[in-house]
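A short worksheet on the structure shown next.
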Amino acid sequence: MRLFLWLVLWFIGAVQLGSLRLESNLFLSPLAGYTNLPFRLIVRQIGGMDLATTDLVNARSLLERNPKALKLIETRPADQPLAVQLFGSVPEEMRDAAVCLQSIGVASVDINMGCPVRKVCRVGGGSAMMTEMDQTARLVRGMVEAVKIPVTAKMRLGWDDENLTAPDLARVLEDAGAAAIFVHGRTRQQGFGGTVNLAGIAAVVQAVRRIPVIGNGDVTTPRAAKMMLDETGCAGVSIGRGALYHPWIFRDTALFLRTGRLEPEPDFEERLQLMRRHLDLMVEVFGEEHGCRMFRKIGPWHSKRFGPANEFNKRIVKLSSMAEFHVILDDYRQWRLPFLDEDGRLKPRYRPSPVTASFMREPGAAGRAEIPVPKGPVEVW
Ligand SMILES: Cc1cc2nc3c(=O)[nH]c(=O)nc-3n(C[C@H](O)[C@H](O)[C@H](O)COP(=O)(O)O)c2cc1C
């Protein structure tokens with residue numbers, strides 16, 4: 008019966024996370040500094056994704072009602088269903104933070120595990136690994152028993168290729184009551200380099216008995232999402248940088264998975280419209296000064312598919328007001344004219360080349376260097 012239910016959900020592209028039924032098996036990955044309310048709203052407006060996750064939030068700061076932590080969980084009815092990602096190692100704090108999130112209507116709680124078995128690698132595995140896993144399982148069980156909403160965990164494959172601990176950890180967490188596992192198919196040693204290991208994700212899928220495993224890492228196109236689903240057997244795909252690069256990726260992927268059809272890329276005007284909407288929301292949520300300052304690192308993501316954009320990027324990274332934004336845009340339109348043909352389209356040699364996933368190099372496609380890694384504590388992501 009359970010197998011039958013799974014097959015039906017898989018067929019219609021839906022996923023069950025504990026008590027939470029999701030209409031899409033595509034997820035927005037947490038990206039600290041980016042996946043805030045404005046970004047989630049623009050992605051949701053385009054469609055194709057159901058559950059989005061906040062940036063990681065310190066459980067203790069949340070319990071202390073720290074204004075920065077509260078800002079990270081700010082949401083709106085249009086931003087549902089929402090998962091909040093917590094980090095922390097004190098079981099009582101993690102439990103209480105989960106209870107607090109449930110009480111304010113959050114749909115799901117995710118635990119940032121990065122590579123949680125650091126000790127294993129230092130002492131060479133064995134009992135230390137089990138000790139650490141036991142502690143982690145206790146922490147998860149405490150949270151699961153305290154709330155009705157799903158508790159999920161996000162991890163990497165392990166420390167390095169010799170220590171691929173994610174399958175064991177996933178199984179232990181399933182037994183502790185975790186409702187799903189999100190796994191970035193790289194080791195901590197890899198950082199963001201090298202190739203996403205699909206076989207490693209498949210091993211996690213095989214290690215659990217019932218719960219969905221959501222694959223993650225370098226999914227930048229609908230075809231890459233399909234390949235990850237097909238080759239790993241994962242129940243869904245979570246997308247981070249691919250969504251910054253192309254916020255339409257969820258809509259396009261959902262369509263591709265359903266029909267095999269690929270949407271044409273949005274044109275320049277459509278991209279500008281989305282960028283403007285994004286900035287408007289940043290200003291609405293964070294105020295003009297702070298919103299514009301935060302937009303300095305977001306603008307260059309929007310411009311990645313504008314074609315030549317040096318002039319735009321040089322100025323957007325100093326943005327300080329809405330009025331300035333409009334001037335930058337007007338000037339950029341003028342600056343861009345020589346790169347256009349008589350129909351107003353980029354001349355072929357200036358068109359951006361297609362991006363591709365590290366695990367799926369297509370002939371003639373550019374490498375992953377096109378999806379940069381913004382600064383941050385990458386070792387825990
Ligand atoms: C700037 C940045 C911030 C990130 N922040 C988080 C985070 O807060 N929590 C987390 O679990 N992972 C975080 N990650 C990791 C992503 O969620 C994701 O696992 C990783 O980027 C691989 O997926 P992608 O290739 O689709 O981006 C972050 C990654 C980047 C590049």
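Per my numbering, the sequence shown runs over residues 8 to 388.
Heads up, the beta-carbon is just placed ideally off N, CA and C, and yes, glycines get one too.
What's the C-alpha gap between residue i and residue j?
{"i": "Arg47", "j": "Thr82", "result": "9 Å"}
{"i": "Ala187", "j": "Val158", "result": "7 Å"}
{"i": "Ala104", "j": "Glu139", "result": "22 Å"}
{"i": "Asn43", "j": "Ala210", "result": "32 Å"}
{"i": "Asp167", "j": "Thr143", "result": "20 Å"}
{"i": "Val124", "j": "Leu146", "result": "Confidence in Val124 is poor, its pLDDT being 49 and thus under 50, which makes the residue's placement unreliable; the coordinate value appears in the next sentence. Near 14 Å, if we compare the C-alpha coordinates of Leu146 and Val124."}
{"i": "Val106", "j": "Phe189", "result": "21 Å"}
{"i": "Thr228", "j": "Gly20", "result": "17 Å"}
{"i": "Leu58", "j": "Gln87", "result": "7 Å"}
{"i": "Gln213", "j": "Arg148", "result": "22 Å"}
{"i": "Asn170", "j": "Leu180", "result": "18 Å"}
{"i": "Ala206", "j": "Met234", "result": "12 Å"}
{"i": "Arg300", "j": "Asp175", "result": "43 Å"}
{"i": "Arg204", "j": "Glu349", "result": "The amino acid at residue 204 is misidentified as Arg; the sequence shows Asn. Cα to Cα, Asn204 sits roughly 45 Å from Glu349."}
{"i": "Glu30", "j": "Arg51", "result": "13 Å"}
{"i": "Phe275", "j": "Asn32", "result": "29 Å"}
{"i": "Val334", "j": "Arg278", "result": "17 Å"}
{"i": "Arg195", "j": "Glu152", "result": "30 Å"}
Beta-carbon separation of residue i and residue j under 7 Å?
{"i": "Gly249", "j": "Ile256", "result": "yes"}
{"i": "Asp62", "j": "Leu79", "result": "yes"}
{"i": "Ala242", "j": "Pro219", "result": "yes"}
{"i": "Gly240", "j": "Gly192", "result": "no"}
{"i": "Leu89", "j": "Val113", "result": "yes"}
{"i": "His309", "j": "Met282", "result": "yes"}
{"i": "Gln92", "j": "Asn73", "result": "no"}
{"i": "Pro254", "j": "Arg312", "result": "no"}
{"i": "Val226", "j": "Val215", "result": "no"}
{"i": "Ala177", "j": "Leu164", "result": "no"}
{"i": "Leu353", "j": "Gly314", "result": "yes"}
May I ask you to check if the CB of residue i is nearer than 6 Å to at least one heavy atom of ligand 1?
{"i": "Pro219", "result": "no"}
{"i": "Ile246", "result": "yes"}
{"i": "Gly95", "result": "no"}
{"i": "Gly249", "result": "yes"}
{"i": "Gly224", "result": "yes"}
{"i": "His309", "result": "no"}
{"i": "Ser36", "result": "yes"}
{"i": "Leu336", "result": "no"}
{"i": "Lys161", "result": "yes"}
{"i": "His253", "result": "no"}
{"i": "His297", "result": "no"}
{"i": "His285", "result": "no"}
{"i": "Leu89", "result": "no"}
{"i": "Asp259", "result": "no"}
{"i": "His333", "result": "no"}
{"i": "Leu24", "result": "no"}
{"i": "Asn119", "result": "yes"}
{"i": "Ala39", "result": "yes"}
{"i": "Leu63", "result": "yes"}
Under the three-state reduction of DSSP, which class applies to residue i: helix, strand or coil?
{"i": "Lys161", "result": "strand"}
{"i": "Asp117", "result": "strand"}
{"i": "Ser68", "result": "helix"}
{"i": "Ala376", "result": "Residue confidence for Ala376 is low, a pLDDT of 47 falling below 50, so the modelled location carries little weight; the figure read from the coordinates is stated next. Residue state, collapsed to three classes: helix."}
{"i": "Glu276", "result": "helix"}
{"i": "Ile323", "result": "helix"}
{"i": "Pro271", "result": "coil"}
{"i": "Asn204", "result": "coil"}
{"i": "Val334", "result": "helix"}
{"i": "Val211", "result": "helix"}
{"i": "Asn317", "result": "helix"}
{"i": "Leu171", "result": "coil"}
{"i": "Phe199", "result": "coil"}
{"i": "Arg47", "result": "helix"}
{"i": "Val97", "result": "coil"}
{"i": "Gln92", "result": "strand"}
{"i": "Ser245", "result": "strand"}
{"i": "Ile218", "result": "coil"}
{"i": "Leu33", "result": "strand"}
{"i": "Ile188", "result": "strand"}
{"i": "Gln23", "result": "strand"}
{"i": "Ala59", "result": "strand"}
{"i": "Thr227", "result": "coil"}
{"i": "Thr363", "result": "coil"}
{"i": "Thr194", "result": "strand"}
Going along the chain, which residues of its own chain have a beta-carbon closer than 6 Å to the beta-carbon of residue i, five neighbours each way excluded?
{"i": "Val290", "result": "Gly298"}
{"i": "Thr202", "result": "Ser365 and Phe366"}
{"i": "Ala232", "result": "Val226, Val244 and Thr260"}
Let me see if you follow: with CB-CB separation under 7 Å, is residue i close to chain D or not?
{"i": "Asp86", "result": "Among the chains in the structure shown there is no chain D, since it carries only a single protein chain."}
Report all residues from its chain with a CB closer than 8 Å to the CB of residue i; omit the five preceding and five following residues, and keep chain order.
{"i": "Gly95", "result": "Asn65, Ala66, Arg67, Met101 and Ala104"}
{"i": "Thr326", "result": "Note on identity: in this sequence residue 326 is Leu, with Thr being the wrong assignment. Correct list, in chain order: Cys299, Arg300, Phe302, Arg303, Gly306, Phe332 and Ile335."}
Which residues in the same chain as residue i place their Cβ atom closer than 7 Å to its Cβ, once the five residues preceding and following it in sequence are excluded?
{"i": "Arg258", "result": "Ile53, Gly54 and Gly55"}
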